[in-house]
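Peer 1: The structure that follows is given in the form of structure tokens.
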Amino acid sequence: MDLGDKLQILTEGAKYDVACTSSGVDRSGVKGRLGGAKVAGICHSFAADGRCISLLKVLLSNQCSYNCAYCVNRRSADVQRTTFTPRELAELTYGFYRRNYIEGLFLSSGVLKNPDYTMEQMIECLRLLREEYGFRGYIHAKVIPGSSRELIYRMGLLADRLSVNLELPSEVSLNQLAPDKPRENIFRPMAAIATGIEQNRHELVRYQHAPSFAPAGSSTQMVIGATPDTDYQIIRLAESLYQKYKHRRVFFSAYVPVAGSELTPPGYQPPLLREHRLYQADWLLRFYGFRADEILDESHPYLDSLLDPKESWALSHLEYFPVEVNTADRAMLLRVPGIGVTSAERILRARRQTRLDFDHLQKLRVVMKRAQYFITCSGKMLPGVRFDRDGIYRNLTLEARRRQGLLFEPEVTQLSLFDGGKPLLAGREDVVKCLTGQL
Amino acid sequence: MPDGPAVIYRYDGTFDGFLTAVFEAYARRRPVKAITAREEIQMGWGQEEIFLETHLEKARRVEAGIRNKIGGTALHMVEVCFWSGEEDKDTALYRYLRAGFDLGRNIYNSLTHPHVLRVEYLYRNITREQDRVQGFTRFSEMENGVYYASIAPKNNLVPLLMPHFVDRLSIQPFLLHDTEHGLAGVYDGKGWYLVETQGLNLPNLSEREQEFRRMWKMFYDAVAVKERRNDKLRQHLMPKWYWRNLTELDPRYAAKGK
Ligand code: SF4
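Chains as they are written, first to last, in numbering that gives the first Met the number 0: chain A, 0 to 438; chain B, 0 to 257.
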């Protein structure tokens, strides 16, 4: 089998992992060595599905001793199997990097023989890249569930980011669909990574030249739609993962059925809008000071398909609105639909110079189409705008329908099955950020 | 107060030339219609034009003035926006600097001032394209071991991109060629410089180059999830304008027999 065929097979097996980012670490180049890294990450291309291509995302091997029901590489799947030698992959990464195809490598693998053996092969590839080739580009490595602490530690000294995928949001689902992976085999490595990062922080404070361990932190991914878990369960879990394991990112991946699997009913479509809404909710957790139980609760366990989560929250908490933009604090500004992190910052700066009116807000790039219902300037609402729940709801969803068209078109029919409505598009910026996963 | 009919100042297109023009525009106290180095901007009937010679000492004085009276951030804005592809960029920068010399540091919070808005727009536009093109540049290895990339950005980006690529690709001599603006950045393995170019005579590609291109396209095609295909989104994030230089979108490298 030639290298191209291997590359194709091992890419096919890796592509359902949605983590695409090369963010979280700044590393300048060194003369005579290849590579560097930028904290915001760089997208080098966009695939036909619109997702950012930043890293060479491949498996070391698609052979797997396990049989997780949702996975293309599971033992019982009928696919051609192959494995890169550590050197083949190191050379490919190096060659791609010097052509500026990629920011670095995202290495994952099926369980080749057993977890520790797999980890050793992966580590050998990373060692070659870092030590023999002197590569300074970005490396994201997946820890194989069930591998030993010692190997995780060695991997973390070579990689910028480590991740262990949770894949399924609940223990019940996990037991059913991934029988070879007891829950501890996922959470134990997560904890080992978190501890490694924490200790390393202290070491770096004490000795400047201590080697760094996963300087871009850790992340995880959950598959959405293969199991009956609710949005509420999912974002609660995401919130606790951020708190407990200090993950930089929790990714959501709309489940795409794999051949021969019977997890999903006939006619199932990957729930792309649901995935998108979860990213918006995730955004609120990470940058807007929301708690999971403010966004959803037991009696409202699913995110609205017509409104984004921030609009939903605002509409059910009209008692906080309208907000006076000339005096509101940052936290309250961030609660206003149509005011983002950047525009909130700009409002705070600009109002030191002038008293803001609606014309100013437009210039500060507040999305007035959405913000107008929730704000006042010097005590007045925008002329013609009425502060009335039903009216706001109608207008916000009307706008939503008008704006549709960039994303999610294929699933309009599928969605209407359960809500009779049309999907809403978030602000384009949010879409880009969610999909490219940057920041 | 400036008085008399408004004048167009022309300069040689260099950064120091622009700073000289700012100096002269201040010194001559005439209303400014435009500052430009673009020949295609023609004067109207009776429009007065003044050609300015670049004067390094005046340029340094303006630079120091910006740093001291407004601040390093403003100087950075000017250094970046100078490479903007927008026709009015020199005039916009001049007006921004005038506002800055009046307002001092307060200009940083004057986010609704029209001259500040225009320069902020130029800055956003150029840095966004810079971020994109940093990713969308594809180098090819030539048989003499030099790497070559052709780009066609809307802004004049080579001077801003060179430090980035020199930093990470210091192991290989390379050429970054902007075919839109006829400018190339050359890294010779030690340092880098800019050259104006029209056409370039390039050596042949190295033997393994075709193979890398083929593998890259194979990866690109394989990594997309078919069930999520979304051409509009792809085009929004990676506008067609940039496709001509992207190996992965070149059908010639499609996987054989698949
Ligand atoms: S262990 Fe990983 S590769 Fe193997 S079947 Fe499970 S998810 Fe797939």
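Glycine is no exception: its CB is placed at the ideal position from the N, C-alpha and C atoms.
All values derive from a computational prediction rather than experimental measurement.
Three Cβ pairs or more, each shorter than 8 Å: is that satisfied between the region 305 to 324 of chain A and the region 368 to 379 of chain A?
Peer 2: Contact holds: three or more Cβ-Cβ distances are below 8 Å.
Peer 1: Would you call the CB atoms of D115 (chain A) and S64 (chain A) closer than 8 Å?
Peer 2: Against a cut-off of 8 Å, the Cβ pair of S64 (chain A) and D115 (chain A) comes out as no contact.
Peer 1: Counting only beta-carbon separations shorter than 8 Å, does N99 (chain A) have a partner in chain C?
Peer 2: Absence of chain C from the displayed structure is noted, the protein chains being A and B.
Peer 1: Skipping 5 residues on each side, what residues in its chain have a beta carbon closer than 8 Å to that of F100 (chain B)?
Peer 2: Cβ within range, chain order: G64, K68, I69.
Peer 1: Since L182 (chain B) contacts V165 (chain B) with CB under 8 Å, what's their CB separation in whole angstroms?
Peer 2: Actually they do not touch by this definition, with Cβ atoms about 16 Å apart.
Peer 1: Along the chain, where does the beta strand (DSSP E) containing D177 (chain B) start, and where does it finish?
Peer 2: Looking at the DSSP string, the run of the beta strand (DSSP E) that includes D177 (chain B) is 173 to 177.
Peer 1: So is F251 (chain A) in contact with chain B if we call contact Cβ pairs under 8 Å?
Peer 2: Taking Cβ atoms only, chain B never reaches closer than 8 Å to F251 (chain A), which makes this a no.
Peer 1: List, in order along the chain, the chain B residues whose C-beta lies closer than 9 Å to that of L33 (chain A)?
Peer 2: In chain order: R167, L168, S169, I170, Q171.
Peer 1: Compare the C-beta of T10 (chain A) with all C-beta atoms of chain B and state if any pair is closer than 8 Å.
Peer 2: Yes - at least one Cβ of chain B is within 8 Å of the one on T10 (chain A).
Peer 1: Check whether the Cβ of V165 (chain B) lies closer than 7 Å to any heavy atom of the ligand SF4, and answer yes or no.
Peer 2: V165 (chain B): no, Cβ never under 7 Å from the ligand SF4.
Peer 1: Can you find a heavy atom of the ligand SF4 that lies under 7 Å from the Cβ of V257 (chain A)?
Peer 2: No, the Cβ of V257 (chain A) stays beyond 7 Å of every heavy atom of the ligand SF4.
Peer 1: Which chain A residues sit within Cβ distance under 7 Å of Q129 (chain B)?
Peer 2: Here the premise fails: no neighbours, minimum Cβ distance about 11 Å.
Peer 1: I'd like the span of the beta strand (DSSP E) that includes L141 (chain A), first residue to last.
Peer 2: Note on residue identity: the sequence assigns Lys, not Leu, to residue 141 (chain A). From DSSP, the beta strand (DSSP E) with K141 (chain A) extends over 137 to 141.
Peer 1: Looking at the C-beta of F211 (chain B), does it have a partner C-beta in chain A at a distance below 8 Å?
Peer 2: Closer than 8 Å to some Cβ of chain A, the Cβ of F211 (chain B) qualifies, so yes.
Peer 1: Below 8 Å between beta carbons: does that hold for L442 (chain A) and F357 (chain A)?
Peer 2: Given a span of 0 to 438 for chain A in the structure shown, any question on residue 442 (chain A) remains unanswerable.
Peer 1: Among A:R50, A:E119, A:L54, which has the Cα closest to the Cα of S60 (chain A)?
Peer 2: Per the Cα distances, A:E119.
Peer 1: Check whether the Cβ atoms of V79 (chain B) and L199 (chain B) lie closer than 8 Å to each other.
Peer 2: Not in contact: V79 (chain B) and L199 (chain B) (Cβ atoms no closer than 8 Å).
Peer 1: Let me check understanding here. Comparing Cα to Cα, which of B:V115, B:E86, B:A98 lies closest to L363 (chain A)?
Peer 2: Measuring from the Cα of L363 (chain A), the nearest candidate turns out to be B:V115.
Peer 1: Taking the alpha helix (DSSP H) that K32 (chain B) belongs to, which residues open and close that run?
Peer 2: Careful: K32 (chain B) lies outside any alpha helix (DSSP H), inside the beta strand (DSSP E) at 31 to 35.
Peer 1: So, is the C-beta of Y278 (chain A) closer than 8 Å to a C-beta in chain B?
Peer 2: Closer than 8 Å: no.
Peer 1: Excluding the 5 residues preceding and the 5 following G188 (chain B) in the sequence, name in chain order all residues of the same chain whose CB lies nearer than 6 Å to its CB.
Peer 2: These residues qualify, in order along the chain: P172.
Peer 1: Across the region 29 to 39 of chain B and the region 80 to 100 of chain B, are there enough close Cβ pairs to call them in contact, namely three or more that are closer than 8 Å?
Peer 2: Enough Cβ pairs lie closer than 8 Å, so yes.
Peer 1: For a contact meaning CB atoms closer than 9 Å, what does H139 (chain A) contact in chain B?
Peer 2: Ordered by position in chain B, no residue passes the 9 Å Cβ test against H139 (chain A), which lies about 15 Å from the chain.
Peer 1: Taking R345 (chain A) and L110 (chain B) to be in contact with their CB atoms under 8 Å, please state how far apart those CB atoms are, rounded to whole angstroms.
Peer 2: The Cβ separation is near 5 Å, so the contact holds.
Peer 1: Might you give, ordered along the chain, the residues of its own chain that have their beta carbon closer than 6 Å to the beta carbon of R205 (chain A), omitting 5 neighbours on each side?
Peer 2: Here the set comprises nothing.
Peer 1: Can the beta-carbon of G134 (chain B) be found less than 8 Å from the beta-carbon of C124 (chain A)?
Peer 2: Not closer than 8 Å, so no.
Peer 1: So the candidates are A:K56, A:I233, A:K245, A:V324; which of them puts its Cα closest to the Cα of A253 (chain A)?
Peer 2: Residue A:I233 is the option with its Cα nearest to A253 (chain A).
Peer 1: Please confirm whether any heavy atom of the ligand SF4 lies closer than 7 Å to the CB of Y65 (chain A).
Peer 2: Yes - the ligand SF4 has a heavy atom lying nearer than 7 Å to the Cβ of Y65 (chain A).
Peer 1: Does any residue of chain A have a CB that is nearer than 8 Å to the CB of D273 (chain B)?
Peer 2: A query on residue 273 (chain B) cannot be resolved here, the shown segment of chain B reaching from 0 to 257 and no further.
Peer 1: Mind pulling the chain B residues with CB within less than 7 Å of A89 (chain A)?
Peer 2: In chain order: nothing, as chain B lies at least about 15 Å away.
Peer 1: Rounded to whole angstroms, what's the CA-CA distance from E410 (chain A) to E226 (chain B)? Just pull it up for me.
Peer 2: Note that E410 (chain A) scores 33 on pLDDT, short of 50, meaning its location in the model is unreliable; the coordinates nonetheless yield the value given after this. Distance between the alpha carbons of E410 (chain A) and E226 (chain B) is about 11 Å.
Peer 1: Flag this pair as yes or no: are the beta carbons of A18 (chain A) and H139 (chain A) separated by less than 8 Å?
Peer 2: Yes; because the gap between Cβ atoms is below 8 Å, this pair is in contact.
Peer 1: Which residue or residues does DSSP assign as beta-bridge partners of G103 (chain A)?
Peer 2: DSSP output for G103 (chain A) lists A:L54, A:Y137 as bridge partner(s).
Peer 1: Just by C-beta distance, which residues in the region 37 to 63 of chain A are closer than 9 Å to chain B?
Peer 2: Per Cβ criterion, the list reads K37, A39, I41, C42, H43, S44, F45, A46, A47, D48, G49, R50, C51, I52, S53, L55, K56, V57.
Peer 1: Answer with yes or no whether the minimum CB distance from P214 (chain A) to chain B is below 8 Å.
Peer 2: Taking Cβ atoms only, chain B never reaches closer than 8 Å to P214 (chain A), which makes this a no.
Peer 1: If we ignore side chains and look at the alpha-carbon of each, how far apart do L406 (chain A) and M221 (chain A) end up?
Peer 2: Unreliable positioning characterises L406 (chain A) in this predicted model, as indicated by a pLDDT of 39, which lies under 50. A coordinate reading is not provided.
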